[in-house]
Amino acid sequence: MTELKTNQSYISNSKVQVDLNVCTKCGSCVRECPHRLFYIRDEKLVLRRPADILCMECGHCGAVCPVNAVKLKKFPLEQVIEISTDFKIPSYDTLMNLIRARRSVRQFKKDPVSEALWKKLLEAGRMSPTGHNDQLVHFTIVRNKDRLKEFSDQVTQGFIELAEIYKDKSKFNQIKSSMSKTTFKIIKNLVIPGLRIMLKGIERGEDFWRWNGEVIIIHASKKTTTLIEDCSVAACHIMLAAKSLGLGTCSLGIATAAINVLENVKKVVNLPKNHIVAYTLAVGFPQVKYYRIPPRLPAKVTWI
9 MTELKTNQSY ISNSKVQVDL NVCTKCGSCV RECPHRLFYI RDEKLVLRRP ADILCMECGH
69 CGAVCPVNAV KLKKFPLEQV IEISTDFKIP SYDTLMNLIR ARRSVRQFKK DPVSEALWKK
129 LLEAGRMSPT GHNDQLVHFT IVRNKDRLKE FSDQVTQGFI ELAEIYKDKS KFNQIKSSMS
189 KTTFKIIKNL VIPGLRIMLK GIERGEDFWR WNGEVIIIHA SKKTTTLIED CSVAACHIML
249 AAKSLGLGTC SLGIATAAIN VLENVKKVVN LPKNHIVAYT LAVGFPQVKY YRIPPRLPAK
309 VTWI
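9 is the number of the first residue of the sequence shown in the numbering used here; add one for each residue after it.
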């Protein structure tokens, strides 16, 4: 625990600093902090001593302060975005149009996605919420044509070898223990029974693993508490941002399983040791135009 510094002008620890000359003691930070690290005593704002340990640097204390008296030391002031009167939030109808119009695109043009567009997608992913505000999500973008081809080739070869191993249950059971339940289901129910059809398509120039698009792999250390949730939410943000930018995306569950299971595929994408891939997306410019939005089943809801 670091020393809590305080004088008549400010209170400060390793993570937070409060300007007491500006603070109005309105109590907004007291009510907003999920760990209740602020309190008011004798008409003065007080920061609890364990705050530097318990604070998850979510920034809500500064976000709700009407006079901007609370600051996180981790981030420079220029990174703080003021919500001004011209800060536009889309209406519900506009947002729903975007959500409804998003499709899983499996036909992409050959045009490359520019670095500028990729940076916009990364910004959408970066701003997604994470459990405990850990912000441990990593993004690997595969754009290089040779590397993309190598990725697809290694996935194909890896699954051919895996299908052979699958015929010998004793051998397959030896590697099954290293798979998650989701990965095992994908391999058992999709890859193994559909591999022959996929290979015929690959001979015709089709790419079942990434649909000829560029690829973004979303992963984190296996020690991350909410790994699957954090990566999945980031992927959702990226999919919606891509649609707004004229791009298409497709969730690649089989590719995700391949990266997690096949060592040669891990090497192609330089997956860090002890990382698990939770989501993979194909990204590109759609070659197909959709004229209508397909229906979906009603929401399965339990009201209590």
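Positions of the beta carbon are idealized from the N, C-alpha and C atoms, including for glycine. Fair warning: this is a prediction, and the values are worked out from it, not measured in the lab.
*DSSP three-state call for C258: helix, strand or coil?*
Numbered from its first residue, the sequence shown carries residue 258 at position 250. Here C258 sits in strand by DSSP.
*asked:* By the DSSP assignment, the alpha helix (DSSP H) with E222 in it spans what residues?
replied: Taking the sequence shown and counting its residues from 1, the one referred to as residue 222 is at position 214. Careful: E222 lies outside any alpha helix (DSSP H), inside the beta strand (DSSP E) at E222 to S229.
*Is it a yes or a no for the segment 229-241 touching the segment 135-153, going by three-plus beta-carbon pairs under 8 Å?*
yes
_Pop quiz: R218 and L260 are said to be a contact at Cβ under 8 Å. What is the actual Cβ separation, rounded to whole angstroms?_
Walking along the sequence shown from the start, residue 218 turns up at place 210. Walking along the sequence shown from the start, residue 260 turns up at place 252. About 6 Å separates the two Cβ atoms, so the contact holds.
*Could you check if V75 is buried or exposed, using at least 16 other CB atoms within 10 Å of its CB as the buried criterion?*
Translated into positions along the sequence shown, residue 75 becomes position 67. That one is exposed.
_Proximity below 8 Å, CB of V24 to CB of C63_ = Residue 24 sits at position 16 when you count from the first residue of the sequence shown. Residue 63 sits at position 55 when you count from the first residue of the sequence shown. Yes.
*From I149, V277 and V285, pick the residue whose C-alpha is nearest to that of A228; which is it?*
Here residue 228 is taken as the residue at index 220 of the sequence shown, counted from 1. The residue with the shortest Cα to Cα distance from A228 is V285.
*Pick from V72, S22, H68 and F167 that is closest to T32, judged by C-alpha positions*: One-based indexing of the sequence shown puts residue 32 at position 24. Answer by Cα proximity: V72.
*asked:* Only counting the same chain, and skipping five residues up and downstream in sequence, which positions put a Cβ closer than 7 Å to that of S136?
replied: Your numbering for residue 136 matches position 128 in the sequence shown. Answer for S136: V241, A242 and H245, listed in chain order.
*Please classify A77: does DSSP put it in a helix, a strand, or coil?*
Translated into the one-based positions of the sequence shown, residue 77 becomes position 69. Annotated three-state conformation of A77 is coil, per DSSP.
*CA-CA distance, M187 and A77?*
By 1-based counting over the sequence shown, the position of residue 187 is 179. By 1-based counting over the sequence shown, the position of residue 77 is 69. Using only the alpha carbons, I get a separation of about 49 Å.
*For S112, which residues of its own chain have a beta-carbon under 6 Å away from its beta-carbon, when the five flanking residues on both sides are left out?*
Counting from 1 along the sequence shown, the entry for residue 112 is found at position 104. Within the same chain, S112 has close Cβ partners C258.
*Are there 16 or more other CB atoms within 10 angstroms of the CB of Q162, so buried, or fewer, so exposed?*
Here residue 162 is taken as the residue at index 154 of the sequence shown, counted from 1. Its Cβ being crowded by 16 or more others within 10 Å, Q162 is buried.
*Straight-line Cα distance separating I195 from Y287*: As a first step, residue 287 is located in the sequence shown; it is residue number 279 there, counting from the start. As a first step, residue 195 is located in the sequence shown; it is residue number 187 there, counting from the start. Whole-angstrom Cα-Cα distance: 16 Å.
*Below 8 Å on the Cβ atoms is my guess for K82 versus G70; work out the distance and round it to an integer in Å.*
Looking up residue 82 in the sequence shown gives position 74. Looking up residue 70 in the sequence shown gives position 62. Wrong, their Cβ atoms sit about 11 Å apart, outside the cutoff.
*asked:* Going by beta-carbon coordinates alone, are V276 and F116 separated by less than 8 Å?
replied: Taking the first residue of the sequence shown as position 1, residue 276 is located at position 268. Taking the first residue of the sequence shown as position 1, residue 116 is located at position 108. No, the pair does not count as a contact, with Cβ atoms beyond the cut-off.
*Excluding sequence positions up to five away, which residues of its chain have a Cβ less than 8 Å from the Cβ of I48?*
As a position in the sequence shown, residue 48 is number 40, starting the count at 1. Result list for I48: K33, G35, V38 and V54, in chain order.
_In DSSP terms, what H283 is bridged to_ = The residue given as residue 283 occupies position 275 in the sequence shown. H283 pairs with S229.
*Where does the unbroken alpha helix (DSSP H) through Q182 begin, and where does it stop?*
Here residue 182 refers to the residue found at position 174 of the sequence shown. Run containing Q182: K177 to K184, per the alpha helix (DSSP H) assignment.
*Decide if F95 is buried, meaning its Cβ has at least 16 other Cβ atoms within 10 Å, or exposed.*
Counted from its first residue, the sequence shown places residue 95 at position 87. Exposed, by the Cβ-count rule.
*Residues near C66 by beta carbon distance below 8 Å, same chain, minus five either side*: As a first step, residue 66 must be located in the sequence shown, where it is residue number 58. Excluding sequence neighbours, C66 sits near P42 and N141.
*asked:* Can you tell me whether H43 is helix, strand or coil according to DSSP?
replied: On the sequence shown, position 35 is the one that residue 43 refers to. Here H43 sits in coil by DSSP.
*Determine the direct distance from the alpha carbon of Y298 to that of I205, and round the result to whole angstroms.*
Start at 1 with the first residue of the sequence shown, and residue 205 comes out as number 197. Start at 1 with the first residue of the sequence shown, and residue 298 comes out as number 290. Near 26 Å, if we compare the C-alpha coordinates of Y298 and I205.
*Opposite G292 in the DSSP bridges: which residues?*
As a working note, residue 292 is residue 284 in the sequence shown. Answer by DSSP bridge pairing, in chain order: G256.
_Cutoff 6 Å; reference T138; Cβ partners in own chain excluding five residues on either side_ = Indexing the sequence shown from 1 puts residue 138 at position 130. Closer than 6 Å at the Cβ level, and outside the excluded window around T138, lie D238.
*Compute the Euclidean distance between the alpha carbons of M104 and R110, then round it to the nearest angstrom.*
Position 96 of the sequence shown holds residue 104. Position 102 of the sequence shown holds residue 110. Cα-Cα distance, rounded: 10 Å.
_By alpha-carbon positions, which one of Y100, Y18, R108 and V273 ends up nearest to R304?_
Within the sequence shown, the letter at position 296 stands for residue 304. For R304, the closest C-alpha among the options Y100, Y18, R108 and V273 is that of R108.
*Report the rounded CA-to-CA distance for P120 versus R300, giving the unit in angstroms.*
Within the sequence shown, residue 120 is the residue found at index 112, counting from 1. Within the sequence shown, residue 300 is the residue found at index 292, counting from 1. Spanning the alpha carbons of P120 and R300 requires a straight line of approximately 26 Å.
*Confirm, please, whether the CB-CB distance from G166 to L270 is below 8 Å.*
Here residue 270 refers to the residue found at position 262 when the sequence shown is read from its first residue. Here residue 166 refers to the residue found at position 158 when the sequence shown is read from its first residue. Result yes, Cβ atoms of L270 and G166 sit closer than 8 Å.
*Cβ separation of I210 and T164, assumed to be a contact under 8 Å, to the nearest whole Å*: By one-based count along the sequence shown, residue 210 stands at place 202. By one-based count along the sequence shown, residue 164 stands at place 156. Right, their Cβ atoms sit about 6 Å apart.
*Within this structure, are the beta carbons of V291 and E214 separated by less than 8 Å?*
Residue mapping note: residue 291 aligns to position 283 of the sequence shown, counting from 1. Residue mapping note: residue 214 aligns to position 206 of the sequence shown, counting from 1. No, the Cβ-Cβ distance between V291 and E214 is not below 8 Å.
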